[in-house]
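Single-structure report; data block below.
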Amino acid sequence: MSRENILNLVLALALLAVPYIAQAAGQPFTITLATRIAILALAATGLNIALGLGGLVSFGHAAFFGVGGYVAGILSSHAFSGDPMLFGLPGSKQMLVVWLVAMGTAGLLGLAIGVISLRTSGVYFIMITLAFAQMVYYFAMSWPAYGGEDGLSIVVRNQFPGVNTMRPMNFFMICYGVLLVGIVLSALIRSSRFGAALQAVRQNDVRVAAVGISPMPIRLTAFVLSAMLTAVAGALYADLNRFVSPSMLSWHMSGELIVLIILGGTGRLMGPVAGAALYVIFEHLLGGLTERWQFFLGLILLATVLFARGGLIGLIAGKVRHG
Amino acid sequence: MTFALAIEQLLNGVQLGVMLFLMAAGLTLIFGVMGLINLAHGSLYMVGAFACATVAAFTGSFWLGLVASLAASAAAGALIEITVIRRLYARDHLDQVLATFALILIFSEGMRWLFGSFPLYLDIPPLLEGAVALPGGGQYPLYRLAIILAGALVALGLYGLISRTRLGMRIRAGESDREMIAALGVDIRTLYTLVFALGAALAGFAGGMVGALQSVQVGMGEPVLILAFVVIVIGGIGSIKGALIGALLVGVVDTMGRLLLPQVLSLMVPPAQAGLIGGALASMLIYILMAVILAVKPRGLFPAQA
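Going down the list, the protein sequences come from chains A and B. Residue numbering for the first sequence follows the working numbering, starting at 22 and increasing by one per position. Residue numbering for the second sequence follows the working numbering, starting at 80 and increasing by one per position.
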């Protein structure tokens, strides 16, 4: 087993162990932190399909994260009030339904954004994805039906068959399970024919086109898959906080998702998990010490980008063997 | 809707466009010459606004404040160029985005540390108080007209600087072939610092002027930054002309959209709903405009030579 694989295993087990220890030690808040790590890691795993594998630097993934959150919020508010939604469909309080709807909605949104944005590349792509996310953000701000600027509360956390989701430990296990599924999916994608094509497109799209594979559909598929996975994380995040607001859609969120990947290590399978863990721990520890924790987060991030480009996993496990 | 209101809103749109141009010109210049995407440009705008408000409050003179905003933002720009940005020119865009995102966090928290969370206020200078009569019977604030004029002068000055001076020649040479001009003996590092400081000063100038129209607070630069991105994407990254036209287009479309869309919709649906849908649509309008322009011309209206 390579050093990276050992590290991956350790990370996965540690994330699982922490809440159990916290439970035993009577520190339920730590379970919430671990849940946050799992959810943010899932969101970044989604983004990593586009960014890490496809080299598509999307600065607008908050749109998908937020849409996932709003799907959870809107479905549950309709289920609570009993009012039908669009086309007379009822709301739902079942997580499984919410996730499917979140994936569908984000997939469609990703398709629309992707079709336009992927016509461009480089800086244009970064700025356009950012601008589309802002568009969704301003829409959520100015559309008062679901809370507008004030956001939308979820009165009772959505349900999962056979599990009491209001217990922190149970909810953590759901999030952890979904995270594992997300990571396995992303590993499968990476090693599939599609994944090989996607990585080839990242390295040299002209050559890929020359051997008869059109880059656009591959990039678009990756972008849509990435949006769908991030949306599931958004739905879980809304359930965790039992609250959705436009801040989930803000460009700071998009930036944070990229930061998670970089802190962990770009192009690593478990990079997002390592990054999310680092980020949440920083936030918690620094936030406990000083109100100005974002100042220090900025310094740490700057140092990572300038001097430690492999992120945490790169520091421990050495360089990536393949480009 | 009266004619006077329409003129007033059109002028507001132009004024917004001028502010956006000052931001976008710096961004596009920095991208064109150094190939760098600078998210922290909005922070320089904020630095300018804070410098103007602080110095104006201390000395009682808006004009000294404006000078301070230029000086402070140019200095902040030169400082981050020398310490951080310089290391990023050879990196890919992802690293640039992240490092400048980190700079935003540092600047925002740093300003909050220095000035506290309460917004500062800046008065319009006595010389520019009052309003001008518009054709059609309306009144328009003199200060906003002065901003439009100042922006036009800066645009002209920038044009002159880039097309008529030695520095401008070097900037253009840097855009087309940076190795070559370094080989010809131009100190490229100093040139880059100068260009970055110039872009920063333009952003700071915009921040200083806008400080008298809105409250000066942490985070004020970010909405403007994103609009400026939309502007340079529409105009074509690297093109100053594109930045000017894109800025005016975005300013006018945004302002007029907010005025007209609810009214147009009210012809079709009940007024209450029209206001709602119109408002939501208007806030998305410039992004829709951008999407349409990019669908037709993926490299913007005036693509700079690659």
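All residues carry an ideal CB built from backbone N, CA and C; glycine is no exception.
Under the three-state reduction of DSSP output, S174 of chain A falls in the strand class.
Proximity of chain B to I175 of chain A at the Cβ level (cut-off 7 Å) is not reached, the minimal Cβ distance being about 23 Å. Straight through space, the alpha carbons of V157 of chain A and I337 of chain A are spaced by roughly 39 Å.
At a beta-carbon threshold of 7 Å, the residues of chain B lying near L151 of chain A are I305 and F308, ordered along the chain. Beta-bridge pairing by DSSP links Q115 of chain A to A:Q180. Of all residues in the region 312-340 of chain A, only R313, Q315, F316, L318, G319, L320, L322, L323, V326 and L327 come within less than 7 Å of chain B when Cβ atoms are compared, listed by chain position.
With its beta carbon less than 8 Å from one in chain B, Q155 of chain A belongs to the interface.
Taking a Cβ-Cβ threshold of 7 Å, the residues of chain A close to G358 of chain B are S163, in chain order.
When DSSP states are grouped into helix, strand and coil, L290 of chain A belongs to the coil group.
Between V163 of chain B and chain A, the shortest Cβ-Cβ separation is below 8 Å.
Under the Cβ criterion of 8 Å, T51 of chain A is not counted among the residues facing chain B.
Sixteen is the threshold: when 16 or more other Cβ atoms of the shown chains lie within 10 Å of the Cβ of E277 of chain A, as they do, the residue is buried. At the C-beta level, F160 of chain A and S122 of chain B stay beyond 8 Å of one another. In this structure, DSSP gives V163 of chain B a state outside helix and strand, which the three-state scheme calls coil.
For the options A:R211, A:D171, A:S247 and A:G143, the alpha carbon positioned closest to that of G114 of chain B is the one of A:G143. Here M187 of chain A is exposed, its C-beta having fewer than 16 other C-beta atoms within 10 Å. DSSP places A326 of chain B in the uninterrupted alpha helix (DSSP H) bounded by I319 to L344.
When DSSP states are grouped into helix, strand and coil, V295 of chain B belongs to the strand group. One thing to note: V253 of chain A has its Cβ no nearer than 8 Å to the Cβ of A259 of chain A. Spanning the alpha carbons of F244 of chain A and T51 of chain A requires a straight line of approximately 33 Å.
When B:L118, B:V176 and B:I311 are compared, the shortest CA-CA separation from R378 of chain B is found for B:I311. Its chain contains A83 and Y158 as the residues whose beta carbon lies nearer than 7 Å to that of S271 of chain A, once the 5 sequence neighbours on both sides are disregarded; these appear in chain order. If you draw a 10 Å sphere on the C-beta of D333 of chain B, you find 16 or more other C-beta atoms in it, and that means buried. Taking the CA atoms as reference points, I319 of chain B sits about 13 Å from L281 of chain B.
The beta carbon of L193 of chain B sits closer than 6 Å to no other beta carbon from its chain once the five residues preceding and following it are set aside. Leaving aside the five residues that flank F146 of chain A on each side, the residues in its chain whose CB is nearer than 8 Å to its CB run, in chain order, L77, V78, S79, S138 and L139. Counted as a single uninterrupted DSSP element, the beta strand (DSSP E) harbouring V211 of chain B occupies residues A210 to A212.
Per DSSP, the unbroken alpha helix (DSSP H) holding P49 of chain A starts and ends at P49 to N69. Given a length threshold of 4 residues, each whole run of the alpha helix (DSSP H) inside the region 256-306 of chain B is given here in chain order: 257-262 and 267-289. Taking 8 Å as the cut-off, the Cβ atoms of G89 of chain A and A127 of chain A count as close. Taking 7 Å as the upper bound on Cβ-Cβ separation, chain B lies near residues I137, R140, T141, G143, V144, Y145, I147, M148 and I149 of the region 135-150 of chain A. Close to I70 of chain A, with beta-carbon spacing below 8 Å, lies no residue of chain B; the smallest spacing is near 15 Å.
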